[in-house]
Amino acid sequence: MRIVFLGPPGSGKGTQATLLKERLGVPHISTGELLRAAVAAKTPLGLQAKAAMDAGELVSDELVLGLIEERMASDDTAKGYILDGYPRNLAQAEALDQVLGSLNRPVQKALALMVDEEQIVQRLAKRAEMEGRSDDTEEVVRNRLAVYREQTAPVADHYRAKGILVDIDGVGTIEEINQRLQNALD
Ligand code: AP5
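Count the sequence shown with our numbering and you get residues 2 to 187, in order.
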């Protein structure tokens with residue numbers, strides 16, 4: 002199964018993708034994780050991406066596209082994938098269609114997790130206390146949400162127009178949401 006997860010920061014994309022990948026036996030590909038690994042390793046890409054990430058802004062389309070082209074062309078995506086954090090604007094959605102079209106691995110389902118902003122702020126404040134992720138401060142979280150509203154939310158319509166978008170209520174326990182996702186995929 003070839004899946005794209007959509008949803009605002011903190012909506013549970015990473016949490017749910019981690020659970021689903023076991024069940025589906027496909028890789029979970031998170032551009033946020035790939036970028037954080039590049040920052041930690043101080044690669045040229047990581048050094049270029051860091052300031053935007055710390056501010057809660059999007060890293061440039063060009064940098065992230067290079068990352069995604071390389072990752073999606075790996076052999077392990079032939080059996081499917083769960084993509085999390087990409088695409089994040091309409092230009093990325095169109096670029097992704099091209100990359101996946103040329104690999105003959107197009108997206109089959111876009112799953113959009115819906116969670117209200119106040120719940121997201123609470124979830125990420127809790128994670129900030131527990132893990133100290135540099136972009137989980139309240140000010141940066143508010144900016145990530147604004148960037149999401151302006152640039153990423155319209156991506157849902159890209160997949161709606163293809164008839165492959167499923168909206169999922171992202172509020173509840175992790176298990177309840179996992180069950181909703183499984184029902185949407187069955
Ligand atoms: P990225 O890592 O993608 O961050 P994000 O979208 O903001 O995602 P999060 O990891 O915060 O949230 P999530 O939806 O995965 O939720 P999670 O499961 O972690 O991107 C980071 C940055 O990288 C971006 O700001 C940007 O700078 C850059 N970037 C990445 N991709 C890019 C791209 N394509 N183009 C340009 N720039 C890009 O859960 C969140 C918390 O909630 C966790 O603590 C979790 O335990 C908890 N939780 C999960 N489910 C529940 C539940 N049901 N109830 C209560 N708590 C829950």
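Built from N, CA and C at the ideal position, the CB exists for glycine as well.
Three or more beta-carbon pairs drawn from the segment 78-95 and the segment 146-160 are found closer than 8 Å, and the two stretches are therefore classed as touching. For the pair of segments examined, the segment 76-85 was found not to touch the segment 130-143: the number of CB pairs separated by less than 8 Å stays below three. The three-state secondary structure of Tyr-82, taken from DSSP, is strand.
Val-167 is bridged by DSSP to Leu-112. Note on Pro-107: under 16 other CB atoms within 10 angstroms of its CB, so exposed under the neighbour-count rule. Under the three-state reduction of DSSP, Ser-61 is assigned to coil, being neither helix nor strand. Scanning its chain for C-beta atoms nearer than 7 Å, with the 5 sequence neighbours on each side dropped, one finds around Val-27 the residues Met-2, Lys-80, Gly-81, Tyr-82 and Ile-83, in chain order.
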